[in-house]
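Sequential numbering from 5 applies to the sequence shown in the numbering used here.
Data block below; observations after.
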Amino acid sequence: MEISNAAEEPVNEGAIFQQDNGHITLWALRILLRLNLKERFLKHHNVLSMAEIMQPTGLMDYFDIDVYGENVDLKKIIREMDSQLVELEKRPLPEKDVLRSNILLLGQSLPLSEVEVDLLHVAVSLHQNSGLGFLADMVGELNNQQTKQILAVILGRSIEQIDEVLNVDATLLSSGLLRPYTSYGSQDPLRQKLVLPDTLLSALLKPYQNSVSILESFFTESSPAKLGCDDFSHIEKDFFLIQKYLSTAVKNDLSGVNVLIYGAPGTGKTELVRTLCEAADLHLHEITMQHENGEPVQGSDRFSTLKLSQQLLARASTSVLMFDEVEDVFPVMEHSFFGSSRSSDMKKAWVNNVLEENKIPTFWLCNSTHQIDPSYLRRFDFVLKLRPLTSQVRLRILKKYLSELPVSEGWLTDLAEHEHLVPAVVERAAKVASHLNAEGVEHIEQVLDKIIGNTLEVMGLPGGARKKAPQNTRYRLDYLNPDTDLRALCEGLGKAKSARICLYGAPGTGKTAFAHYLADFLGKTVLVKRASDILSKWVGEAEKNIAEMFEQAAENDQILVLDEADSFLQERQSASQAWEVTQVNELLVQMEVFKGIFIASTNLMKHLDAASIRRFEFKIKFDYMKPEQTWSLFKQILAEQGCVVDDSISHFKNTVQRLDNVTPGDFAAVIRRSLSLGESITAQLLVDDLGRELKAKPSYNHAIGFV
Numbered sequence: 005m006e007i008s009n010a011a012e013e014p015v016n017e018g019a020i021f022q023q024d025n026g027h028i029t030l031w032a033l034r035i036l037l038r039l040n041l042k043e044r045f046l047k048h049h050n051v052l053s054m055a056e057i058m059q060p061t062g063l064m065d066y067f068d069i070d071v072y073g074e075n076v077d078l079k080k081i082i083r084e085m086d087s088q089l090v091e092l093e094k095r096p097l098p099e100k101d102v103l104r105s106n107i108l109l110l111g112q113s114l115p116l117s118e119v120e121v122d123l124l125h126v127a128v129s130l131h132q133n134s135g136l137g138f139l140a141d142m143v144g145e146l147n148n149q150q151t152k153q154i155l156a157v158i159l160g161r162s163i164e165q166i167d168e169v170l171n172v173d174a175t176l177l178s179s180g181l182l183r184p185y186t187s188y189g190s191q192d193p194l195r196q197k198l199v200l201p202d203t204l205l206s207a208l209l210k211p212y213q214n215s216v217s218i219l220e221s222f223f224t225e226s227s228p229a230k231l232g233c234d235d236f237s238h239i240e241k242d243f244f245l246i247q248k249y250l251s252t253a254v255k256n257d258l259s260g261v262n263v264l265i266y267g268a269p270g271t272g273k274t275e276l277v278r279t280l281c282e283a284a285d286l287h288l289h290e291i292t293m294q295h296e297n298g299e300p301v302q303g304s305d306r307f308s309t310l311k312l313s314q315q316l317l318a319r320a321s322t323s324v325l326m327f328d329e330v331e332d333v334f335p336v337m338e339h340s341f342f343g344s345s346r347s348s349d350m351k352k353a354w355v356n357n358v359l360e361e362n363k364i365p366t367f368w369l370c371n372s373t374h375q376i377d378p379s380y381l382r383r384f385d386f387v388l389k390l391r392p393l394t395s396q397v398r399l400r401i402l403k404k405y406l407s408e409l410p411v412s413e414g415w416l417t418d419l420a421e422h423e424h425l426v427p428a429v430v431e432r433a434a435k436v437a438s439h440l441n442a443e444g445v446e447h448i449e450q451v452l453d454k455i456i457g458n459t460l461e462v463m464g465l466p467g468g469a470r471k472k473a474p475q476n477t478r479y480r481l482d483y484l485n486p487d488t489d490l491r492a493l494c495e496g497l498g499k500a501k502s503a504r505i506c507l508y509g510a511p512g513t514g515k516t517a518f519a520h521y522l523a524d525f526l527g528k529t530v531l532v533k534r535a536s537d538i539l540s541k542w543v544g545e546a547e548k549n550i551a552e553m554f555e556q557a558a559e560n561d562q563i564l565v566l567d568e569a570d571s572f573l574q575e576r577q578s579a580s581q582a583w584e585v586t587q588v589n590e591l592l593v594q595m596e597v598f599k600g601i602f603i604a605s606t607n608l609m610k611h612l613d614a615a616s617i618r619r620f621e622f623k624i625k626f627d628y629m630k631p632e633q634t635w636s637l638f639k640q641i642l643a644e645q646g647c648v649v650d651d652s653i654s655h656f657k658n659t660v661q662r663l664d665n666v667t668p669g670d671f672a673a674v675i676r677r678s679l680s681l682g683e684s685i686t687a688q689l690l691v692d693d694l695g696r697e698l699k700a701k702p703s704y705n706h707a708i709g710f711v
C-alpha cells in the first residue's frame, strides 16, 4: 500500500511562516524564574548581552529595555517577567509557526502525544534558538534524572509524564526522533542530553504542504528496476528464497525481518533489491543518504532516520525499506580497561532492538562486512554475498543496457570477458554514449571502450574490453609442446569432472590458453585469478580471497585458474613471514575440498613447495615449440593473412626452424604489433619480428640467422 495524501488539506503556507515565539518565550521564562536563574542572569550580564539572549527568545517584545542605556531597573524587569509568565500560562499558545506545524504533521503519522510534541519542540529549539540554548546552559551539567526534572519544569509537566515519554520503548526514542542517552551517568548540559539527527533538524525547519512532503526528507520511493529476474539466474536459489521469505513476512506481518546483501561496488546490489521487490509486488523505499545541500548524512543520523522511517511506514502494509552503504552506521564496540563501557552497551542494545523488532522488512546493503561487529551480523535473517558476475551473465546484462546502441556481437562478447566489469559501470557508459551522437558501430564501440576503460582505470582495475586474439591465432593443440597428451586429458576430464592440474613452463607456451580451450571443450567458463586479485595489505585478507575464489568457482561450475601460482605455492621452509605459510596452507586446504577442476600455472616450477606439488594429479610441462611446429604455425599465419604459401617461401624454412625458444605467444605478439602499426604481414616481416621477440627474452644468448 502506498502512502497517500489525497484526504489531507494543504497547510496554509502563509500561516506556516508566521513566526510566533510564544512557546520559546514561555520556556525561557520558566528557565529564568522557575529554576531560580533570574538573579544570576541579570547580575552577570550587561544590557547588550542580555539583549542578545532575550531577542531570539521573544523576551525583548515584552520589556522596554534601552540596550544603549546605562541605567536599567532590574527589579522592574523581574516583576514584568513574573507577570508575563503568569499571562502566558493562562492562554493557549499559537500552533502555526514552521517548527510547531511540522512536528504536528509528523505527529499525524507516528502518532505523538501532546507531551511528546512539546518535548520534541523544546529539544529542537534548544539546538536552533541561541537565546534559549544559552539559558539552558546556565542550568549547568545534569545527570539523566536531573534532565527529566528540568524538562518537567520547562514544559510544565509532571516528572512521571517526562519519564514516560523518554522511555526507550516510547515513540521519541524508539522512532529515532531522539537518540538515547549514550553518556550514562555522566554530567552534561541539557542540549547534549537531547540529541537529534541532523536530518530531522533540517527537515523540521522548512515549510511543507502536507505530511507526505515531510516524509520525503527521510525516505524516497525507489526507482523501477532495470533488470529482470532472469538477470539474476546466477543466484537463482538465493533469489527465490529471499523473494518467498519477503512475501511471507509481509503477508504474516512479521517483525524483525532483515536481509544483508554485500559485495564489491557495482555488483548489482541495488538492482537486485529493486527486482526482488517488484517480483514480490512490494513497494520499496530508500533511506535518504544526503542532505538537500548534497552533503552526506552521517552514519548515526542515518540510523536514526531508518528508525523514524520504520515508524512512519508502519501502517503501509506492503512497504519495504532499503538501507544502502551501511558500513558506517553500526557503532564501533568501545572497550575500557574493565571491559565494554555502559555507553557502548546502550548503543549496542539500541541497534539490536532495530534488528529484532523493526516492523518494515529492511534490506541492508554494503560493500564489505569487515567493519560490522559479528554480534550484529548474526542477527540478520538472510545474508547474501554478491560475487563478480560470470561472463554469460555479464553478456546478458550488457545486451540489456546497450540495446539502444548499435554495437557488434563480437565486441559485446569480448567486453563480457572482462571479469571486473560491473553493471553500474556499463549503465553509466551507455547513458553517456547515448548523448554523444556517435555514428557507426566502430565509432560507438570506441567511445564505450574509452568511457568504460577510464572508469575502471580510476578504480585501480584493468580498463576496457579484453580483446581476444584474432581468429588467425586461434588456439590449436598442434602448436603446443606439452609432456602429456592434452586431447586424452580433455576427454578424461569430461568424465572425471574433477582434477588438480599444475601447468608449468616458460611464458607464452600456452598454459593459461589451454585452460580456456579445456573450458570450451567441456562447455564451461573459466574463472582466472592472479596474485593481484588475491594479495592484500591486510593480515588474513588473502586467505579470505583464496577461499572465496574456490567458492565462486564452485557456485558457478567454473574451471578455476590460478595464474602466477608461484606467488602462493612457494617453499614454506623459506617463508620469512607467518602469513606466507598461512596462505599456502589455506590454498592447499581449499584444493583438497574443491570438487571441480583447478588449474595452477607457473613459470617458476622449481620454487614451488614440494608438498604442494604432490597435491596435483597432473603436472604438465609446456615446452618451447619444436622446429616443425614453428614452421607449421609460420605457414598457417601467412595463409590466413592472404599470403601465397608455396615453394616461393621455402627458403625461409631453414631460418624459421633454427629459431630457438619460440612460443605461440611470440607469434601472437608479432600479429598484435603489426595490427597496431597497420602493417601487412609478409614472410619477411614475420621472420624479422620473431627475431626481435626472441632477442628480448632473458634466455636469448646467441645470434639468429636470417635470409
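Every residue, glycine too, gets a C-beta built ideally from N, C-alpha and C.
{"Item": "Touching by the beta-carbon criterion (3+ pairs, under 8 Å), the region 190-206 and the region 303-321", "Value": "yes"}
{"Item": "Validate contact between the region 484-497 and the region 528-546 using beta carbons, cut 8 Å, 3 pairs", "Value": "no"}
{"Item": "Distance between beta carbons of Phe334 and Val358, contact taken as under 8 Å", "Value": "Val358 to Phe334, Cβ: 10 Å. No contact."}
{"Item": "Helix, strand or coil at Phe384 according to DSSP, with G and I counted as helix", "Value": "coil"}
{"Item": "Selection from Phe622, Val157 and Glu559 that minimises the alpha carbon distance to Lys241", "Value": "Glu559"}
{"Item": "Exposed unless 16 or more other CB atoms sit within 10 angstroms - verdict on Pro378", "Value": "exposed"}
{"Item": "Reference Glu220; option with closest CA among Leu409, Ser313 and Gly695", "Value": "Ser313"}
{"Item": "Three-way DSSP call (helix, strand, coil) for Lys404 in this model", "Value": "helix"}
{"Item": "Own chain, CB closer than 6 Å to Lys472, minus 5 neighbours either side, in chain order", "Value": "Note on Lys472: pLDDT 46, under 50, position unreliable in the model; no value is reported."}
{"Item": "Buried versus exposed, by CB contacts within 10 Å (16 or more), Asn40", "Value": "exposed"}
{"Item": "Terminal residues of the beta strand (DSSP E) in which Met553 lies", "Value": "Looking at the DSSP string, Met553 is not in any beta strand (DSSP E); the run it does join, the alpha helix (DSSP H), is Glu545 to Glu559."}
{"Item": "Sufficient close CB pairs (3 or more, under 8 Å) joining the region 117-128 to the region 170-181", "Value": "yes"}
{"Item": "Separation of Asp332 from Gln375, as counted between CA atoms", "Value": "8 Å"}
{"Item": "Beta bridge counterpart(s) of Thr366 as assigned by DSSP", "Value": "Asn262 and Leu325"}
{"Item": "Exposure of Gln562, with buried meaning 16 or more beta-carbon neighbours within 10 Å", "Value": "buried"}
{"Item": "Through-space distance from Asp489 to Gly600, alpha-carbon basis", "Value": "21 Å"}
{"Item": "Of the listed residues Ala420, Leu460 and Val411, nearest to Gly444 (C-alpha basis)", "Value": "Val411"}
{"Item": "Lys389 beta carbon less than 7 Å from that of Gly267", "Value": "yes"}
{"Item": "Spatial distance of Asp570 from Leu381 (CA atoms)", "Value": "36 Å"}
{"Item": "Segment limits, alpha helix (DSSP H) that includes Lys630", "Value": "Counting along the chain, Lys630 falls outside any alpha helix (DSSP H), and DSSP gives it neither H nor E."}
{"Item": "Cβ distance (whole Å) where Glu290 is taken to contact Phe223 below 8 Å", "Value": "6 Å"}
{"Item": "Cut-off 7 Å between Cβ atoms - residues of its own chain near Ser226, not counting five sequence neighbours on either side", "Value": "Arg278, Leu288, His289, Glu290 and Met326"}
{"Item": "Inter-stretch contact (C-beta, 8 Å, three-pair minimum) for the region 162-170 and the region 136-145", "Value": "no"}
{"Item": "Element boundaries [beta strand (DSSP E), containing Gly509]", "Value": "Ala503 to Gly509"}
{"Item": "Asp757 - partner residues in DSSP beta bridges", "Value": "Here the chain has residues from 5 to 711 only, and residue 757 is not among them."}
{"Item": "Buried or exposed (CB count within 10 angstroms, at least 16 for buried), Leu694", "Value": "buried"}
{"Item": "Sequence ranges, beta strand (DSSP E) only - wholly within the region 235-310, length at least 3", "Value": "262-267 and 287-291"}
{"Item": "With 16 other Cβ atoms within 10 Å as the buried cut-off, status of Lys699", "Value": "exposed"}
{"Item": "CA-to-CA distance, Ile265 to Thr252, given in whole angstroms", "Value": "19 Å"}
{"Item": "Proximity winner among Lys610, Gly544 and Val674, relative to Asn589 (alpha-carbon distances)", "Value": "Gly544"}
{"Item": "Buried/exposed call for Gly646, threshold 16 Cβ in 10 Å", "Value": "exposed"}
{"Item": "DSSP state of Thr659 mapped onto helix, strand, coil", "Value": "helix"}
{"Item": "Counted within 10 angstroms of its Cβ, other Cβ atoms place Val90 as buried (16 or more) or exposed", "Value": "exposed"}
{"Item": "Neighbour-count burial assignment, Val691, 16 or more Cβ in a 10 Å radius", "Value": "buried"}
{"Item": "Own chain partners of Leu440 with C-beta closer than 7 Å, once the 5 adjacent residues on each side are dropped", "Value": "Val451"}
{"Item": "Own chain residues within Cβ distance below 6 Å of Leu30, not counting five before or after", "Value": "Leu92"}
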